[in-house]
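The structure appears right after this line, and notes come after that.
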RNA sequence: GCCGAAGUGGCGGAAUGGCAUACGCGACGGACUCAAAAUCCGUUGGUCGCGAGACCUUGAGGGUUCAAGUCCCUCCUUCGGCACCA
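Residue numbers (the numbering used here): -12 to 777.
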C-alpha cells in the first residue's frame, strides 16, 4: 500500500471540509421536493468507541441517502445519541465521574470517528436523549399516557435484577436472566409505574400485516405478543365453607368432557382464599413456599419434572359432566398467563398427561383421531372445530389472551428521565403540570442504587420535597426514573423538529416528513425498541400528534460484522478492528465499499483484512482509468454505452433494494469492461463516477473535479437508465439437446426462431447429438437458449 | 417443541425455472524489475482425456419439467426468535 496511486488521506480531508463549508447536507425544515426520511437506529455512545461493525448500517443509509439526493429528493438523514442508561451510570459509579461528563466525552469521540467516514448527516439536527430540552418531551409523552389512563402504579411482583438493583420489563429478560448483566432475576413485589401496552396488543398485531418489513421481524413481534384465542370457562367450587367459581382459560373447549382435574398456579389468589379450609393446609403451605423460593428459571427449566399438591377437601364440578374433580396446585401453571388456572385434559395435552401419570389422575379420551368428539354427550360425533364454538357458547365465553405483559416502566436508578409525578398525602398521584417540565435530574453525591427499591434520587430531600401542584400541601416527587427505551421510543419525531421548545412537534413538519421511509438497525431490537416505538406512535396518533399509522415504513436489518476469527468483536477477545485505523491505512472510501461488498447487507460476515484489498484496488483502478482518459476525446462506443446502461440499471435497483454487494459487483464488471478499451469517452467516465459516488464519495468528488467540473458532485443528477441504449448488438445463447448444453451461438438478441434453429442445427456437436432422430420439440428463449428435445 | 432465515469452489459470495460458480479474496504461471513490492496478462469446481470433448457437481434422498441452486415432498445440519403460554 506504500505507493498508492491516490492519496486518500488528503482527498478525504479536502472534501469533508468542502461539504461542511458549503452546508450541502443541511436539510430544509419542510421538503419542497419528494422526501426521503432515512434513519439509523441511533447509537448508545459507549466508552469503547466505534468498531468497524457499527458504521456498517450508517454507511448503508448514507449510500442510500446520497443516491436519493442525486435523484432529486430532499433527504432527512440525521444522527443523535441514545445516552441514558446503565453503562454510563455504572462507569460513573466506578470512576466517580458524573454520567453526563462521561457521556459528553463519549459523544465527542463517536462524532470524531464518524466524521472521518464521510457521512451526509445534518448535524444541526443532532439530538441527545439526556438533554433536558429533549427529555422534557419524553416526560411530556409520559403525562399524555397518564392522562389517557395508560400509565398506572402497580404493586404486582416484578422482575428484579439483584445485580443492577432495579426492576426490569419482561422485554429486558433473556431466558429468565437480566439481558444486560446475565444475573438470574427474582420476582419482587414493589411499587412500579407500568404502561398498558397490552391494551394495544391488537393494534400492534394488526399494524404488522401491511408493513413491508422482513418477515422474520414481523414473526418475532407476533410471537412476542403471543395472541391465543380460546374460551374462558367456569367451574363451580365444592367445599365445606367456601363458595365460588374457578375461571380457566383454554384453547380446547371441545375437550371439556375430558377434564379430570383443575390446576391452579401457586400464586393464584384462590389458593390463599381456600387455604384455611383445605385438609392438608401444612403440605400446601410448604409447597407454595418451596415454589416461591425458586426462580422463574428453575421453575421452567427444560425437562424439569412437574410438581404439585392436591387441595384436599376442595373440589370443582365439571359443568359438562356434573362430576366432581379434584383441584391441584402445580408449578407448571403460570400465574401471569390466562387466568392462572387451567382445566386439565390429560388425554389431549402432553403436560397434563405427564402430570396425571405422575399423580395417578384419571385420563378420559374425548376426541378421536379424526378430530371428532366421542363420549361427549350431545356433542359426540361433532367435529372438534364446531364443538369448540358450541361448548364455548354453552359453558363460557370466547376469550383472547396474550403473552405480552404490561410494560414495567420504572427503574430504581439515577441516570434516566425522572417520572413527572408528585405524590400528595391528600390528592394522591398528581401529574406535574406540563408548564413545569422538564423535571431536571438533580445533582447527587452518589449514583449507586440504594438496593431498597428506591432510586438514589430518594435521598435528595431538597429535590424530593415539593408542594402538591393541586392543593399546595407538602408532597413528594416520584423518584423512579424511566427505562432507557423511553428516549428511543420517539426520537425519530424529534429529528423533524429538533429545536422546538414550545410544542411537541410542529404538525406541518410532521406531516411533511413522516413516516420514516427507511429504518436501519440491528435485528436484536425486533421485540423491544420496535414494539415500544410502535406502541407510543399509535397512542400519539390517537392523540392527534402524528399523522401516519406506523412510524417506520421499510425496515432493513444490518448483519453483524464479526471479527476475523469468526467471533463477535469484543474487547474481551481482543479482536476489535477500529475504523480509524482503516481510514488511515486505506481510506474511508475503501472502508465504505468493503463493508457494503462483504456480503448481503443483512447477513453476518467476518471481517477480512485481506479481502479489503479488493475494494482498495478497485478504487485505484478507477482513479487510473479517469486519469488516463480524462483528456482523451473518445466517442461513445455503442457497446460500452450498452454496458454502462446495464450498470446504471443494476446499481440503481440494487442500491434501492439494499443489495449493495451486487451493486458494487456490477460496477467492478463495468470497470473491467472499460479498462479493455483503448479510450473511454468523457460522458461514460462521468456517469461511472456519479454511479460510484454514493459508495466512494470522496474519490469520486475528486475525480469529478479532475473531469473539469467546478460544481460539486453531490449536487449532480443521478444517471437515468435508457433501455434502448442498454440493448446489445449480439448475445451468446446456449444450444441444448435434451437439456444438455451442446454448443453456443452468437447472434442478435432478437433473432427469429427459424434462423436460430437453422444455425443451431448446423453446429457439428448438435448434428452429432441429434443424430437424425426426430426432434419432438424446440424451445427458444430469445437471448438465452435454444433447446431441442428428441 | 413452535416460528423464521439459511446450507453453492480453498474463502466471502452471485444467479426473473433458461449456459451454476458472476464479482472479490487467495493460489498458480508469465511480463516488468538487479531484486522485491506494486502493477499488468493468463489459469484456477472435480474426475477422465494428448486433444476435441465426455461425465459428475449447489446439505441428503425422491418428484414435477424440454430444462431445477431456484418449484413440490421427505429428511439432515447451522443460525436467530419464542417456549410447561393451557
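Using N, Cα and C, we set each Cβ at its ideal position, and we do this for glycine too. Everything numeric in this text was worked out from a predicted model, so none of it was measured.
Item                                                                                                                                                                                        : Value
Would you mind sorting residue 59 into buried or exposed? The rule is 16 or more other CB atoms within 10 Å of its CB.                                                                      : exposed
Give me the Cβ distance between residue 184 and residue 394, rounded to the nearest whole Å; I'm assuming they're in contact under 8 Å.                                                     : 5 Å
Can you give the Cα-Cα distance for residue 729 and residue 723, rounded to whole angstroms?                                                                                                : 5 Å
Closest to residue 470 by C-alpha separation, out of 336, 736 and 156, would be which residue?                                                                                              : 156
Is it true that the CB of residue 467 sits closer than 8 Å to the CB of residue 368?                                                                                                        : no
Report buried or exposed for residue 292, applying the criterion of at least 16 other Cβ atoms within 10 angstroms of its Cβ.                                                               : exposed
Please name the residue or residues paired with residue 733 in a DSSP beta bridge.                                                                                                          : 719
Please specify which runs of the beta strand (DSSP E), each continuous and at least 3 residues long, are wholly inside the region 455 to 527, giving them in chain order.                   : 461 to 464 and 503 to 508
From what residue to what residue does the alpha helix (DSSP H) around residue 713 run?                                                                                                     : 710 to 713
DSSP state of residue 54, grouped into three classes?                                                                                                                                       : helix
Quick test of your reading: residue 402 and residue 97, contact by CB under 8 Å. State the CB separation rounded to the nearest angstrom.                                                   : Actually they are not in contact, since the Cβ atoms of residue 402 and residue 97 sit about 18 Å apart, beyond 8 Å.
Let's test the definition: count the other Cβ atoms within 10 Å of the Cβ of residue 705 and tell me whether it reaches 16, buried, or not, exposed.                                        : buried
Per DSSP, which residues does residue 236 bridge with? Please list them.                                                                                                                    : 219
In whole angstroms, what is the alpha-carbon distance linking residue 761 and residue 753?                                                                                                  : 13 Å
DSSP three-state label for residue -12, please.                                                                                                                                             : Because the pLDDT at residue -12 is just 37, under 50, the model does not fix this residue reliably, and the point stays unresolved.
Quick one: Cα of residue 778 to Cα of residue 219, how far?                                                                                                                                 : Absent from the structure is residue 778, since the part of the chain shown begins at -12 and ends at 777.
What does DSSP give as the partner residue(s) for residue 797 in the beta ladder?                                                                                                           : Lying before the first or after the last residue shown, residue 797 is absent from the chain, which here runs from -12 to 777.
Expressed to the nearest angstrom, what Euclidean distance is found between the alpha-carbon atoms of residue 564 and residue 5?                                                            : 29 Å
Can you round the beta-carbon distance between residue 32 and residue 90 to whole angstroms, since I take them to be within the 8 Å contact cut?                                            : 6 Å
Touching or not, the region 452 to 462 and the region -1 to 19, by the rule of three or more beta carbon pairs under 8 Å?                                                                   : no
With DSSP collapsed to three states, give me the class of residue 540.                                                                                                                      : strand
Look at residue 712 and residue 629 and say whether their C-beta atoms are less than 8 Å apart.                                                                                             : yes
Just the C-alpha distance for residue 689 and residue 2, rounded to the nearest angstrom, thanks.                                                                                           : 8 Å
Drop a sphere of 10 angstroms on the beta-carbon of residue 719, count the other beta-carbons inside from all chains shown, and report buried for 16 or more, exposed for fewer.            : exposed
Quick one: what does DSSP say residue 148 is sitting in, helix, strand or coil?                                                                                                             : strand
Here's the rule I'm using: 16 or more other beta-carbon atoms within 10 Å means buried, otherwise exposed. How should residue 647 be labelled?                                              : buried
Within 10 angstroms of its Cβ, does residue 237 collect 16 or more other Cβ (buried), or is it exposed?                                                                                     : buried
Beta-carbon within less than 7 Å of residue 263's beta-carbon, same chain only, minus the 5 sequence neighbours each way: which residues are those?                                         : none
Quick check on the burial criterion: 16 or more other C-beta atoms within 10 angstroms. Buried or exposed for residue 74?                                                                   : buried
Please name the residue in 210, 88, 532 and 366 whose C-alpha comes closest to that of residue 481.                                                                                         : 532
For the region 538 to 558 against the region 504 to 520, do three or more pairs of beta-carbon atoms, one drawn from each stretch, fall closer than 8 Å, so that the two count as touching? : yes
Is the region 256 to 275 touching the region 309 to 318, taking contact as three or more C-beta pairs under 8 Å?                                                                            : yes
Scan the region 239 to 277 and note each continuous beta strand (DSSP E) run of 3 residues or more that stays entirely inside, going in chain order.                                        : 248 to 251
Taking just the CA atoms, how far does residue 497 sit from residue 422?                                                                                                                    : 23 Å
How is residue 38 classed by DSSP in three states: helix, strand or coil?                                                                                                                   : coil
Suppose only complete runs of 3+ residues qualify. What are the beta strand (DSSP E) ranges in the region 322 to 359, listed by chain order?                                                : 328 to 331
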